[in-house]
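Asker:
Chains as they are written, first to last, in the numbering used here: chain A, 4 to 373; chain B, 10 to 113.
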């Protein structure tokens with residue numbers, strides 16, 4: 004069901020504005036940046052050699068140089084404007100057709116279902132409570148018609164065009180996610196767990212690639228789990244959803260042979276990311292694989308691009324983006340005891356950035372600090 | 010208590026005033042597009058219904074009466090928008106003149 008003309012055209016305008024901002028304006032901004040003497044100094048030092056404690060000052064310098072470009076300033080202004088109006092126009096559009104959206108959805112998204120375990124006693128972690136992720140007014144669980152808001156609103160008209168955060172204009176988000184799943188090292192898995200699944204997007208693609216596998220998704224948000232269940236059930240994907248903290252899942256030791264996470268770790272403080280990965284190590288059986296995809300770390304991109312990633316923290320309600328981009332997931336996995344750790348980008352832009360590893364077959368190889 | 014959706018203190022365009030103007034301008038750009046989209050949709054629907062031919066609006070040449078009416082509307086439109094930043098005080102006669110009946 005579509006939005007009305009005003010909402011559709013208004014959202015499509017945002018898509019066009021984001022494309023313009025992330026092509027013509029961004030190219031000009033990057034060119035302006037590269038011509039600056041300070042930028043040459045920054046670029047001469049490999050980002051991989053930058054110490055953690057030096058990043059805050061370095062990022063401030065990058066921002067100060069970038070802001071000398073009018074193109075950069077307008078690029079960032081439009082990014083913020085689109086990021087806000089995404090929500091506003093989608094919600095207004097859905098509200099104008101509330102009766103049509105609300106009725107069928109209430110029947111499709113049950114609170115009780117054999118493949119849905121909600122935990123009303125689960126307390127929101129401190130790092131999560133009160134965050135209005137990505138500027139969504141009121142946060143993830145605030146809006147009852149969040150499904151139509153996304154799938155009739157900003158996803159087809161704005162997100163699908165790319166040009167935000169680490170996503171380039173023209174990127175096929177669905178294909179990117181499919182390519183991330185293709186990074187699993189084996190052709191068959193028995194049970195795959197997705198911490199912070201956010202819905203059925205990643206596991207649905209896992210179902211296509213691994214038709215025989217048991218699929219389990221955990222998340223803190225009851226609403227996204229309910230939406231994910233409804234979406235999954237409509238397509239017969241047979242996915243189990245559980246409301247739980249990814250640091251303490253309901254999975255027994257060695258219960259799964261695959262773990263996938265897509266765009267999760269940049270939403271977590273570094274210490275939480277590490278705890279989640281320790282938990283994944285616990286639930287993975289020996290020989291099991293983990294595949295992680297998130298925006299690239301600062302060390303893998305140019306100073307200008309590092310500045311763009313850092314901007315997300317204060318301007319798109321991504322409170323942990325900077326510490327996530329400073330965190331070396333590959334090193335963390337190695338410390339925990341994973342082996343065959345690899346990290347690489349799937350595209351020249353540096354995104355999607357993949358880190359993958361395997362839990363060693365023999366417990367004697369587990370030398371980490373888990 | 011601060012919310013994560015609050016506007017950042019650091020302005021994007023150098024000052025909060027410049028940001029505010031740019032927001033207004035961008036909102037106007039949106040509304041302008043929405044209106045253009047609507048006109049194009051309307052033309053398409055009318056053509057599909059056989060009430061006009063494709064391109065009829067683009068090729069239409071207003072007669073003298075419509076030309077005059079459009080000019081009156083256009084002059085008032087420009088005066089309102091271009092003059093918005095240059096009004097120093099409120100003048101009853103000017104306000105009444107801006108609402109004068111349009112000639113048809």
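Using N, Cα and C, we set each Cβ at its ideal position, and we do this for glycine too.
1) Using a C-beta to C-beta distance shorter than 7 Å, which residues of chain A count as neighbours of residue 12 of chain B?
2) In chain B, what lies closer than 8 Å to residue 16 of chain A by C-beta?
3) What is the DSSP secondary structure of residue 110 of chain A, counted as helix, strand or coil?
4) Measuring only between beta-carbons, confirm whether residue 317 of chain A sits less than 7 Å from chain B.
5) If you draw a straight line from the C-alpha of residue 11 of chain B to the C-alpha of residue 323 of chain A, how long is it?
6) Which value, in whole angstroms, describes the spacing of the CA atoms of residue 153 of chain A and residue 91 of chain A?
7) What residues of chain A sit near residue 50 of chain B, judged by a beta carbon separation below 9 Å?
8) Report yes or no: is there a C-beta of chain B within less than 7 Å of the C-beta of residue 84 of chain A?
9) In this structure, how does DSSP classify residue 216 of chain A when only helix, strand and coil are distinguished?
10) Does any C-beta atom of chain B lie closer than 7 Å to the C-beta of residue 138 of chain A?
11) I'd like the span of the alpha helix (DSSP H) that includes residue 361 of chain A, first residue to last.
12) Could you pull out every residue in the same chain whose Cβ sits closer than 6 Å to the Cβ of residue 257 of chain A, ignoring the five residues on either side in sequence?
13) Can you tell me whether residue 288 of chain A is helix, strand or coil according to DSSP?
14) Could you give the DSSP three-state label for residue 168 of chain A: helix, strand or coil?
15) Under 8 Å between beta-carbons, which chain B residues line up against residue 320 of chain A? List them in chain order, please.
16) Within the region 189-271 of chain A, note down every full alpha helix (DSSP H) run reaching 4 residues or more, in order along the chain.
17) Taking the C-alpha atoms as reference points, what is the distance between residue 359 of chain A and residue 185 of chain A?
18) Let me check understanding here. Comparing Cα to Cα, which of A:247, A:75, A:352, A:45 lies closest to residue 282 of chain A?
19) What residues in the region 49-80 of chain A have a beta carbon less than 8 Å from any beta carbon of chain B?
20) Roughly how many whole angstroms lie between the Cα atoms of residue 70 of chain B and residue 64 of chain B?
21) Kindly list the residues whose CB is nearer than 8 Å to the CB of residue 108 of chain A, restricted to its own chain and excluding five residues on each side of it in sequence; keep chain order.
22) Where do the ends of the alpha helix (DSSP H) carrying residue 88 of chain A lie?
23) Ordered along the chain, which non-local residues of its own chain (more than five positions away) have a Cβ less than 6 Å from that of residue 32 of chain A?
24) Could you tell me how far apart the beta carbons of residue 297 of chain A and residue 269 of chain A are, in whole angstroms, since I believe they sit closer than 8 Å?
25) Quick one: Cα of residue 13 of chain B to Cα of residue 207 of chain A, how far?
26) Helix, strand or coil for residue 39 of chain A per DSSP?
27) Let's see if you can read the secondary structure: which residues bound the alpha helix (DSSP H) around residue 342 of chain A?
28) With a threshold of 7 Å between beta-carbons, can residue 373 of chain A be considered close to chain B, or not?
29) Take residue 68 of chain A and list the residues in its own chain whose beta-carbon comes closer than 7 Å to its own, dropping the five residues that flank it on each side.
30) Got a sec? Which residues, its chain only, sit under 7 Å from residue 193 of chain A by beta carbon, not counting five neighbours each side?
31) Using the rule of at least 16 other Cβ atoms within 10 Å of the residue's Cβ for burial, across every protein chain shown, is residue 3 of chain A buried or exposed?
32) Can you list, in chain order, the residues of its chain whose CB lies under 7 Å from that of residue 272 of chain A, leaving out five sequence neighbours each side?
33) Do the region 50-66 of chain A and the region 73-90 of chain B make contact, defined as three or more Cβ pairs closer than 8 Å?
34) Alpha helix (DSSP H) containing residue 83 of chain B: first to last residue?
35) Residue 22 of chain B CB to nearest chain A CB: under 7 Å?
36) Could you name the residues that DSSP lists as bridge partners for residue 116 of chain A?
Answerer: In brief:
1) Near residue 12 of chain B (Cβ distances below 7 Å), the residues of chain A are 135.
2) The contacting residues are 38, 39, 42, 43.
3) Model confidence at residue 110 of chain A stands at a pLDDT of 49, short of 50, so the residue's coordinates are unreliable; what they give is reported in the following sentence. If DSSP states are grouped into helix, strand and coil, residue 110 of chain A belongs with the helices.
4) Taking Cβ atoms only, chain B reaches closer than 7 Å to residue 317 of chain A, which makes this a yes.
5) For residue 11 of chain B and residue 323 of chain A, the distance between alpha carbons rounds to 17 Å.
6) Distance between the alpha carbons of residue 153 of chain A and residue 91 of chain A: 12 Å.
7) Contact note: residue 50 of chain B reaches chain A through 8, 12, using a C-beta cutoff of 9 Å and chain order.
8) So, interface residue.
9) It is coil, neither helix nor strand.
10) Closer than 7 Å to some Cβ of chain B, the Cβ of residue 138 of chain A qualifies, so yes.
11) Counting along the chain, residue 361 of chain A falls outside any alpha helix (DSSP H), though it belongs to the beta strand (DSSP E) covering 356-361.
12) These residues qualify, in order along the chain: 288.
13) The DSSP-derived three-state label of residue 288 of chain A is strand.
14) In this structure, residue 168 of chain A counts as coil in the three-state DSSP scheme.
15) At a C-beta separation below 8 Å, residue 320 of chain A has these neighbours in chain B: 13, 14.
16) 204-212, 225-238, all fully within the region 189-271 of chain A.
17) Rounded to the nearest angstrom, the two C-alpha atoms are 11 Å apart.
18) For residue 282 of chain A, the nearest C-alpha among the options comes from A:247.
19) Flagged, chain order: 76, 77, 79, 80.
20) CA-to-CA, the gap between residue 70 of chain B and residue 64 of chain B works out to about 12 Å.
21) With a pLDDT of only 49 at residue 108 of chain A, under the threshold of 50, the placement of this residue in the model should not be trusted; the figure read from the coordinates follows. Closer than 8 Å at Cβ, skipping near neighbours: 148, 150, 151, 233.
22) It spans 73-99 - the alpha helix (DSSP H) in which residue 88 of chain A sits, taken as one unbroken run.
23) Only 72, 74, 75, 78 meet the Cβ criterion.
24) Contact between residue 297 of chain A and residue 269 of chain A holds, with the beta-carbon distance rounding to 5 Å and staying under 8 Å.
25) About 31 Å.
26) Residue 39 of chain A: coil per DSSP, three-state reduction.
27) Unbroken run through residue 342 of chain A is the beta strand (DSSP E), 342-348; no alpha helix (DSSP H).
28) Its pLDDT being 39, under 50, residue 373 of chain A is placed unreliably in this model, and the value from its coordinates should be taken loosely. No Cβ of chain B is located within less than 7 Å of the beta carbon of residue 373 of chain A.
29) By the criterion of a C-beta distance shorter than 7 Å, residue 68 of chain A is surrounded in its chain by 36, 39, 41, 42, once the five residues flanking it on both sides are discounted.
30) Cβ neighbours of residue 193 of chain A beyond the five flanking positions: 216, 217, 260.
31) This structure leaves residue 3 of chain A out entirely; chain A is present only between 4 and 373.
32) The residues are 130, 323, 326.
33) Touching, no, given that fewer than three Cβ pairs across the two stretches are closer than 8 Å.
34) Unbroken alpha helix (DSSP H) run through residue 83 of chain B: 73-92.
35) At least one CB of chain A lies nearer than 7 Å to the CB of residue 22 of chain B.
36) Answer is A:119.
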